[in-house]
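Peer 1: Attaching a single structure in structure tokens format; questions to follow.
Numbering (our numbering), first residue to last: 7 to 169.
Spelled out as structure tokens, the structure:
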């Protein structure tokens with residue numbers, strides 16, 4: 007896909023929505039394209055994050071592996087996302103381990119933004135970071151609220167079971 011098409015697509019994604027054409031062009035030229043088949047992992051929980059993925063077409067599953075006991079794990083489907091979803095943005099900023107796995111559900115086409123490309127963009131165009139930060143903070147707040155609600159539900163179930 008030509009960088010101009012990428013730029014138009016990036017401009018419709020929430021995390022890049024407030025950027026100007028100059029910044030969108032820089033990101034579009036820094037992205038590569040990748041395709042994944044059904045069941046293929048884009049990235050796996052626990053590995054070092056070196057790329058973020060923007061879904062151009064298809065669907066992805068966000069999966070978290072949870073330990074049931076000392077010997078077994080179970081997979082929990084956290085979300086199913088489609089076109090326009092951007093995942094892995096925290097890992098390309100800090101390079102930390104992935105907190106979940108991302109798996110293709112059917113054929114998936116993505117734009118890939120690597121950590122080193124992102125670091126270069128943030129240094130040369132700080133306005134990109136300024137535009138992305140409010141969206142990242144909003145997502146963090148939403149996740150925190152969802153965790154609070156989940157914990158409250160779990161505590162309510164535990165209390166109900168005791169009575």
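Glycine residues also receive a C-beta, built at the ideal position from the N, C-alpha and C atoms.
#1: Less than 6 Å between C-beta atoms, sequence neighbours within five positions excluded: which residues of the same chain meet that for residue 22?
#2: Closest by CA to residue 79, which one among 85, 70 and 135?
#3: How many Å lie between residue 12 and residue 92 at the Cα?
#4: What first and last residue would you give for the beta strand (DSSP E) that runs through residue 86?
#5: I'd like to confirm something about residue 28: is its beta-carbon nearer than 7 Å to some heavy atom of the ligand ATP, or not?
#6: Assign residue 159 to one of three DSSP states: helix, strand, or coil.
#7: Going by C-alpha to C-alpha distance, which of 72, 40 and 136 sits closest to residue 61?
#8: For a quick check, are the C-beta atoms of residue 110 and residue 66 less than 8 Å apart?
#9: Please say whether residue 119 and residue 32 have beta carbons closer to each other than 8 Å?
#10: If you scan the region 93-129 from start to end, which runs of the beta strand (DSSP E) of 3 or more residues do you find wholly inside it?
#11: Residues bridged to residue 131 by DSSP?
Peer 2: According to the structure data:
#1: Within the same chain, residue 22 has close Cβ partners 16.
#2: Nearest C-alpha to residue 79: 70.
#3: Cα to Cα, residue 12 sits roughly 14 Å from residue 92.
#4: Run containing residue 86: 79-87, per the beta strand (DSSP E) assignment.
#5: Absent from the structure shown: the ligand ATP. Ligands present: none.
#6: The answer is helix: DSSP assigns residue 159 an H, G or I state.
#7: Minimum Cα distance to residue 61 is reached at 40.
#8: Yes, these two residues count as a Cβ contact at 8 Å.
#9: No, the pair does not count as a contact, with Cβ atoms beyond the cut-off.
#10: Taking only runs of at least 3 residues, the beta strand (DSSP E) segments lying wholly in the region 93-129 are 107-120.
#11: Answer is none; residue 131 lacks a bridge partner.
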